[in-house]
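A.B. asks:
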Amino acid sequence: MSEQVECMARLKVRRILYVALFAFLLLVYLATISNGRRRSAIKIVDAMCQKYMEGQLSGSYCEKICSCKDLKVFAHSTSNKAVIQIEIDGERFLLKSAKRYFDQFDMVPDFISVAAFDSLLTDQIRSHTGLSLDGSLLGVKSIWSKQAVLSLADRRSVWALSSQEEYLNFKLFDFTGLFPKVIGTCGHMYAVPIVKAYASQWPFLTSSSAADKFILTLRTLQYSHNEPLHWCDASSLNLGFNDDPEFPYLILDADMLFTQSGFSSLMAKMPCQHDSDCYFFDCRASCNRTARWCSSRRLNSNVQVVCEKFVPWWYKKFASSSDRLVALCSKGSL
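Residue numbers (full-length UniProt numbering): 1 to 334.
(1) Comparing C-alpha positions only, which one of Ile251, Ala234, Ser236 and Ser235 sits nearest to asparagine 242?
(2) For serine 95 versus glutamine 85, is the C-beta distance shorter than 9 Å?
(3) If I follow the unbroken beta strand (DSSP E) through glycine 184, where does it start and stop?
(4) Going along the chain, which residues of its own chain have a beta-carbon closer than 7 Å to the beta-carbon of glycine 262, five neighbours each way excluded?
(5) Under 8 Å Cβ to Cβ from arginine 324, same chain only, skipping five residues before and after it: list those, please.
(6) Where does tryptophan 144 fall in DSSP's three states?
(7) From alanine 115 to serine 145, what distance separates their C-alpha atoms?
(8) Cβ of phenylalanine 102 within 9 Å of Cβ of glutamine 56?
(9) Give the single residue among Ser200, Gln201, Pro180 and Thr185 whose Cα lies nearest to the Cα of proline 193.
(10) Would you say alanine 153 and serine 67 are within 9 Å of each other, going by their C-beta atoms?
(11) Taking C-beta to C-beta, are lysine 64 and isoleucine 44 nearer than 9 Å?
(12) What residues in its chain sit with their C-beta under 7 Å from that of leucine 334, if we drop five residues either side in the sequence?
(13) Given leucine 168, which residues of its chain have a CB within under 7 Å of its CB, disregarding the five upstream and five downstream residues?
(14) Where valine 108 and tryptophan 202 are concerned, what is the direct C-alpha to C-alpha distance, given to the nearest angstrom?
(15) For phenylalanine 280 versus leucine 299, is the C-beta distance shorter than 9 Å?
(16) In whole angstroms, give me the CA-to-CA distance for valine 73 and glutamate 54.
(17) Are valine 239 and alanine 291 close, meaning C-beta to C-beta below 9 Å?
(18) Ends of the alpha helix (DSSP H) at serine 330?
(19) Output the distance between the C-alpha atoms of alanine 98 and valine 83, rounded to the nearest integer angstrom.
(20) I need the straight-line Cα distance from tryptophan 314 to valine 305, nearest angstrom please.
(21) Got a sec, what are the start and stop residues for the beta strand (DSSP E) histidine 128 sits in?
(22) Which residue comes first and which comes last in the alpha helix (DSSP H) that contains cysteine 62?
(23) What ranges does the alpha helix (DSSP H) occupy inside the segment 195-228, keeping only unbroken runs of at least 4 residues that lie completely in it?
(24) In the DSSP output, what is proline 271 paired with across the bridge?
(25) Going by beta carbon distance, what residues of the same chain come within less than 6 Å of asparagine 288, once the five residues before and after it are set aside?
(26) Verify the CB distance criterion: does leucine 216 have a CB-CB separation below 9 Å to chain B?
(27) Per DSSP, what are the beta-bridge partners of threonine 259 in this structure?
(28) Taking C-alpha atoms, which residue in Arg284, Lys269 and Ala268 lies nearest to aspartate 275?
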């Protein structure tokens, strides 16, 4: 009997040791990953500042970042694009870019007239957004804060920024109040405030007021512009708190947000045999079976996607008959 007790005690000790060893190795692994991401972030910022010092790029935040002696750079959070947390004199913000390095973007010709560059830039913005507004509304002034004559570094920086869907959406649709404000740029990177994301999977089920304000968010996407905005990456992780009580929700990532024209252009490039072939993340379209290309007609709406992903079946089942969010989900559109 004593031998059995002794054996059981040894097994318990071994299990404790194994668990402790596993926890230690996990901590070492996570620390290694964290340090690797931080080194990657520092490398990206250093490369950007080196280009700035060489006069190859510019921006309103370059001097602020690159001349700071107490600059704190935190982890680079994604592999396919750059999202880096920066701290300067106690102020924290995010530096974002669709690509890590400035050289990864196409460059404009060194010798080009102001008029020719503005025309190229307008075409570039149109190609990314699908917007057909007057050229004067899509030029340099719409996405770049400096009003003086553009230097070569300015033109290169504007060009890199104009090839990024999220930056264009943040700037061109800033008036909607649905996105974080761009507070500065440096080369291909743009700075935005750090916004606290919603922890809940169902952020607007907490009260009727929260639901009403999210319905207002959906209305803003649908009606604030002369074309509806299609939100193709709806996720609770993609929603953040806004200080504005009337618009408490912010869409944190907008690289998969399209105007109707932009959505039509995207779908027109997709061959198909069935409707199931015509989708881009949360957005689905119909298939023109005669032409065998996806059509511009979207089959599901922002409302349907939000109701499917954010409003669980049990809430719909037990909510009161006067619940406006459930009524909207039943209708499927605004």
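Where a beta carbon is used, it is the ideal one built from N, C-alpha and C, also for glycine. On a predicted model such as this, the values are computed, not experimentally measured, just so you know.
C.D. replies: Checking against the coordinates, here is how it stands:
(1) Position 242 of the sequence shown, counted from the first residue, corresponds to residue 242. With distances taken between Cα atoms, asparagine 242 lies closest to Ile251.
(2) If you number the sequence shown from 1, residue 95 lands on position 95. If you number the sequence shown from 1, residue 85 lands on position 85. Position check: residue 95 holds leucine in this sequence, whereas serine was assumed. Yes, the Cβ-Cβ distance between leucine 95 and glutamine 85 is below 9 Å.
(3) Along the sequence shown, read from residue 1 onward, the residue named residue 184 stands at position 184. From DSSP, the beta strand (DSSP E) with glycine 184 extends over 184-186.
(4) For the purposes of this step, residue 262 is taken as residue 262 along the sequence shown, with counting starting at 1. Spatial neighbours of glycine 262 in its own chain (CB-CB distance under 7 Å, excluding positions within 5 residues in sequence) are listed in chain order as Thr129 and Gly130.
(5) If you number the sequence shown from 1, residue 324 lands on position 324. Non-local C-beta neighbours of arginine 324 in its own chain, meaning closer than 8 Å and more than five positions away in sequence, comprise Ser208, Ala211, Asp212 and Ile215, ordered along the chain.
(6) The sequence position of residue 144 within the sequence shown is 144, counting from 1. DSSP places tryptophan 144 in the coil class of the three-state scheme, outside both helix and strand.
(7) Taking the sequence shown and counting its residues from 1, one reaches residue 115 at position 115. Taking the sequence shown and counting its residues from 1, one reaches residue 145 at position 145. Approximately 18 Å, taken between the alpha carbons.
(8) The residue you call residue 102 lines up with position 102 of the sequence shown. The residue you call residue 56 lines up with position 56 of the sequence shown. Yes; because the gap between Cβ atoms is below 9 Å, this pair is in contact.
(9) Position 193 of the sequence shown, counted from the first residue, corresponds to residue 193. That would be Pro180, whose Cα lies nearest to the Cα of proline 193.
(10) Walking along the sequence shown from the start, residue 153 turns up at place 153. Walking along the sequence shown from the start, residue 67 turns up at place 67. No.
(11) What you label residue 64 is simply residue 64 of the sequence shown in a count that begins at 1. What you label residue 44 is simply residue 44 of the sequence shown in a count that begins at 1. Result no, Cβ atoms of lysine 64 and isoleucine 44 do not sit closer than 9 Å.
(12) Within the sequence shown, the letter at position 334 stands for residue 334. Within the same chain, leucine 334 has close Cβ partners Leu218, Arg219, Gln222 and Val303.
(13) Translated into positions along the sequence shown, residue 168 becomes position 168. Cβ within range, chain order: Ile125, His128, Thr129, Ile143 and Ser162.
(14) Here residue 108 refers to the residue found at position 108 of the sequence shown. Here residue 202 refers to the residue found at position 202 of the sequence shown. Per the coordinates, the alpha-carbon of valine 108 lies some 45 Å from the alpha-carbon of tryptophan 202.
(15) As a working note, residue 280 is residue 280 in the sequence shown. As a working note, residue 299 is residue 299 in the sequence shown. Cβ atoms of phenylalanine 280 and leucine 299: not closer than 9 Å.
(16) Locating residue 73 in the sequence shown gives position 73, counting from the first residue. Locating residue 54 in the sequence shown gives position 54, counting from the first residue. Spanning the two alpha carbons is a distance of roughly 21 Å.
(17) Residue mapping note: residue 239 aligns to position 239 of the sequence shown, counting from 1. Residue mapping note: residue 291 aligns to position 291 of the sequence shown, counting from 1. Going by the sequence as given, residue 239 is leucine instead of valine. In this structure, leucine 239 lies away from alanine 291, with their beta-carbon atoms at least 9 Å apart.
(18) For the purposes of this step, residue 330 is taken as the residue at position 330 of the sequence shown. Segment 324-331, the alpha helix (DSSP H) holding serine 330.
(19) On the sequence shown, residue 98 is found 98 positions in, with the first residue counted as 1. On the sequence shown, residue 83 is found 83 positions in, with the first residue counted as 1. Looking at the two C-alpha atoms, the distance is approximately 9 Å.
(20) Here residue 314 refers to the residue found at position 314 of the sequence shown. Here residue 305 refers to the residue found at position 305 of the sequence shown. Straight-line Cα distance between these residues: approximately 17 Å.
(21) Taking the sequence shown and counting its residues from 1, the one referred to as residue 128 is at position 128. First-last for histidine 128: 114-129, but that is the alpha helix (DSSP H), not the beta strand (DSSP E).
(22) The sequence position of residue 62 within the sequence shown is 62, counting from 1. Note, cysteine 62: alpha helix (DSSP H), 62-66.
(23) At a cut-off of 4 residues, the continuous stretches assigned as alpha helix (DSSP H) that sit fully inside the segment 195-228 are 208-223.
(24) Within the sequence shown, residue 271 is the residue found at index 271, counting from 1. Note: proline 271 is bridge-paired with Trp293 in the DSSP secondary-structure output.
(25) Numbered from its first residue, the sequence shown carries residue 288 at position 288. Excluding the 5 residues flanking it on each side, asparagine 288 has same chain C-beta neighbours closer than 6 Å at Ser295, in chain order.
(26) Of the chains in the structure shown, none is chain B; there is only one protein chain.
(27) Taking the sequence shown and counting its residues from 1, the one referred to as residue 259 is at position 259. In the DSSP output, where bridge partners are listed per residue, threonine 259 has Leu229.
(28) Sequence index remark: in the sequence shown, residue 275 carries index 275 (1-based). Out of Arg284, Lys269 and Ala268, Arg284 has the C-alpha closest to the C-alpha of aspartate 275.
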